Amino acid sequence: MMPSPSELDALQRRVLGLAPEPAARLDSPYWITNDSYAVLRHVLHDVGGQPDAPVPYLDKEEADWELRTYVLCEVLAWRGVWNSEVRRRAENDLGATLYYGLPYYGRWITVAAKTLVDKGLVTVSELAAKIDEVRARHGAGA
Amino acid sequence: MRRFQIGDRVSVRDATTLFHHRTQSYVRGRTGLVVEHRPEWLIPEDEAWQRDDGRVEPFYVVRFRQVDLWPNYTGLESDTVETEVAEGWLVPAAEETTS
Amino acid sequence: MSDDHDHHAPIEGGDEISEFDVLETAIRELAIEKGLFSAEDHRRFMEWAEGIGPHGGSRLVARAWLDPHFKQRLLADGTETSKEIGIDWLDPTGTGTPSDFTYFYVLENTPAVHNVIVCTLCSCYPRPVLGQAPEWYKTPHYRRRVVRWPREVLAEFGLHLPPGVEVRVHDSNQKSRFMVLPMRPAGTEGWSEDQLAAIVTRDTMIGVAVPRADWNADRAPTEVRS
């Protein structure tokens, strides 16, 4: 039997109202369960076996800064400033938003900066001033 | 000095991990077969904080059957995964069996 | 392709220089000013990095197909045997590269076993013989899936393996680096080493493809996006 217009309207509103359960909102909760803590402290890089839908496998030409980032990070390790495992750990330390938000070599260059500051080899104001200087040199706005 | 020989069945300890490790959660608590020896290396848990005087352990290539790792594995019974595990993460299979 | 996820959109906008580019330059200049390394160190490593690529691996495979003794040596000691084609895993520092170390193993495909490599924890890759990893290899997506759904992932690359072939995934999670030695395809009888090397594409040495006599271009799975 055909639904009446009002019944159809109610059905359609219910269809529209259906959505997958939203992800939990994290905003410094008063308390969490041990289960939640186990999930939160899962080491980020350990992704093997996490379900994911197929996507196209894209090749991409490497940008100059990406190759330079690789070389910079390797030379810093060659000269003992850090090592590749310190870099990988520092990538985990970025937290999920930055870990997944940055491109691959964007992660590397970000943690190179962070590590130099953490080790006291560069001050954060020195680095910021240098960034402004380089940007100005390229005339890319202040 | 090595605790395990090629052909030994070993289980990966289901130990707590914090902050950084290279022992994947998909092998922790699982049982596989030692198929190759690797050299002694600084363990990544120490290397990640640049503790160059940290613990050095023999490493092993362990082969796992895919059907032992995943619920409803969609490939064939014969499919496998190999990965490297530090000795400190391993126990003889009999001591710790998989569920 | 029309799907233009933020995920793949370049951070560069028009002529504006990337903030990653700015950051790299700033750190490099500060590091040299402070003596953390020298400009010469950087130049030396850069020169090496610009010279690596899959041609090294292709040469290893082609020679292994032609010379059974070379193949035996390559499978027994990949690091040492690489020197025979001019690749020294100790380059360019004298102790190897900090990220890829000096432990290189070649995995032989057979009619019974097909090998495929991944690093589920980051993106370990045998750079000295294959160059920089393709972008997809470094994504969490590939790292998540190939270790658990290898046959599905290989099928997405167009590689359908028959029953009876064991798929062996190598998760290079520590200091070893791996490369697949694919099987020599039919139709290549009498070919020279150069002819054979030309069909050994990067993807065949990762294990997501197999060589074919009629493919000699690098077979990008979808497209190149710069």
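Residue numbers (my numbering), protein chains in the order written: chain C, -1 to 140; chain Y, 14 to 112; chain P, 2 to 227. Even for Gly, the Cβ is constructed at its ideal location relative to N, Cα and C. It should be emphasised that the depicted structure is a prediction, and the values quoted were computed from it without experimental measurement.
Self-check item: Under 9 angstroms by beta carbon: chain Y residues contacting P/Pro151
Solution: Numbered from 1 along the third sequence, position 150 holds the residue referred to as residue 151 of chain P. Under the 9 angstroms cutoff, chain Y gives Gln79, Gly88, Asp92, Val94.
Quiz item: Can you give the beta carbon distance from P/Arg64 to P/Thr98, rounded, assuming they're within the 8 angstroms contact cut?
Solution: Counting from 1 along the third sequence, the entry for residue 64 of chain P is found at position 63. Counting from 1 along the third sequence, the entry for residue 98 of chain P is found at position 97. Going by Cβ atoms, the distance from P/Arg64 to P/Thr98 rounds to 23 angstroms, so no, they are not a contact pair.
Practice problem: Verify the CB distance criterion: does Y/Ala28 have a CB-CB separation below 8 angstroms to chain C? | Solution: Taking the first residue of the second sequence as 1, we reach residue 28 of chain Y at position 15. Not an interface residue.
Exercise. Whole angstroms is fine: what's the gap from P/Lys174's alpha carbon to Y/Val74's?
Key: Indexing the third sequence from 1 puts residue 174 of chain P at position 173. Indexing the second sequence from 1 puts residue 74 of chain Y at position 61. Per the sequence shown, the amino acid found at residue 174 of chain P is Asn instead of Lys. Their Cα atoms are separated by approximately 10 angstroms.
Self-check item: Residue-level contact to chain P via CB, C/Ile133, 8 angstroms cutoff
Solution: Here the question's residue 133 of chain C lines up with position 135 in the first sequence. A small fix is needed here, since residue 133 of chain C is Arg in this sequence, not Ile. Closer than 8 angstroms: yes.
Quiz prompt | Three-pair Cβ contact test at 8 angstroms for the segment 33 to 45 of chain P versus the segment 69 to 80 of chain C | solution = yes
Quiz item: Closest to P/Asn116 by CA distance: which of P/Gly208, P/Thr80, P/Val107, P/Ala27 is it?
Solution: Indexing the third sequence from 1 puts residue 116 of chain P at position 115. Of the candidates P/Gly208, P/Thr80, P/Val107, P/Ala27, the one whose C-alpha sits nearest the C-alpha of P/Asn116 is P/Gly208.
Quiz item: Out of P/Arg203, P/Tyr143, P/Glu194, P/Ile200, which has the shortest C-alpha to C-alpha gap to P/Ile86?
Solution: In the third sequence, counting from the first residue as 1, residue 86 of chain P sits at position 85. Among P/Arg203, P/Tyr143, P/Glu194, P/Ile200, the Cα nearest to that of P/Ile86 is on P/Glu194.
Practice problem: Please state whether DSSP places P/Val209 in a helix, a strand or coil. | Solution: Taking the first residue of the third sequence as position 1, residue 209 of chain P is located at position 208. Note: P/Val209 maps to coil in three-state DSSP.
Exercise. Give a yes or no on whether the C-beta atoms belonging to P/Thr103 and P/Trp90 are separated by under 8 angstroms.
Key: Counting from one through the third sequence, the residue named residue 103 of chain P turns up at place 102. Counting from one through the third sequence, the residue named residue 90 of chain P turns up at place 89. Cβ atoms of P/Thr103 and P/Trp90: closer than 8 angstroms.
Self-check item: Nearest to Y/Phe72 (by Cα), restricted to the options Y/His34, Y/Thr96, Y/Asp27, Y/Trp62
Solution: Here residue 72 of chain Y refers to the residue found at position 59 when the second sequence is read from its first residue. Comparing Cα-Cα distances from Y/Phe72 to each of Y/His34, Y/Thr96, Y/Asp27, Y/Trp62, the minimum goes to Y/Thr96.
Quiz item: Quick one: what's got a C-beta closer than 7 angstroms to P/Trp66's C-beta in the same chain, skipping five residues either side?
Solution: The residue given as residue 66 of chain P occupies position 65 in the third sequence. Answer for P/Trp66: Arg185, Leu197, listed in chain order.
Quiz item: Can at least three beta-carbon pairs, one atom from the segment 34 to 48 of chain C and one from the segment 86 to 101 of chain C, be found at a separation below 8 angstroms?
Solution: yes
Quiz prompt | Coil, strand or helix - C/Lys117 by DSSP | solution = Counting from one through the first sequence, the residue named residue 117 of chain C turns up at place 119. C/Lys117: coil per DSSP, three-state reduction.
Quiz item: Straight-line CA distance for C/Leu119 to C/Asn32?
Solution: One-based indexing of the first sequence puts residue 119 of chain C at position 121. One-based indexing of the first sequence puts residue 32 of chain C at position 34. Taking the straight line from one Cα to the other gives about 38 angstroms.
Quiz item: Could you check where the beta strand (DSSP E) with Y/Glu115 kicks off and where it finishes?
Solution: Lying before the first or after the last residue shown, residue 115 of chain Y is absent from chain Y, which here runs from 14 to 112.
Quiz item: Do the segment 69 to 82 of chain P and the segment 105 to 120 of chain C make contact, defined as three or more Cβ pairs closer than 8 angstroms?
Solution: no
Quiz item: Whose C-alpha, out of C/Leu9, C/Leu24, C/Gln10, C/Glu64, is nearest the C-alpha of C/Ala94?
Solution: Counting from one through the first sequence, the residue named residue 94 of chain C turns up at place 96. It is C/Leu24.
Quiz item: By a C-beta neighbour count over all protein chains shown, 10 Å radius and 16 as the cutoff for buried, is P/Pro163 buried or exposed?
Solution: The residue given as residue 163 of chain P occupies position 162 in the third sequence. Burial call: exposed.
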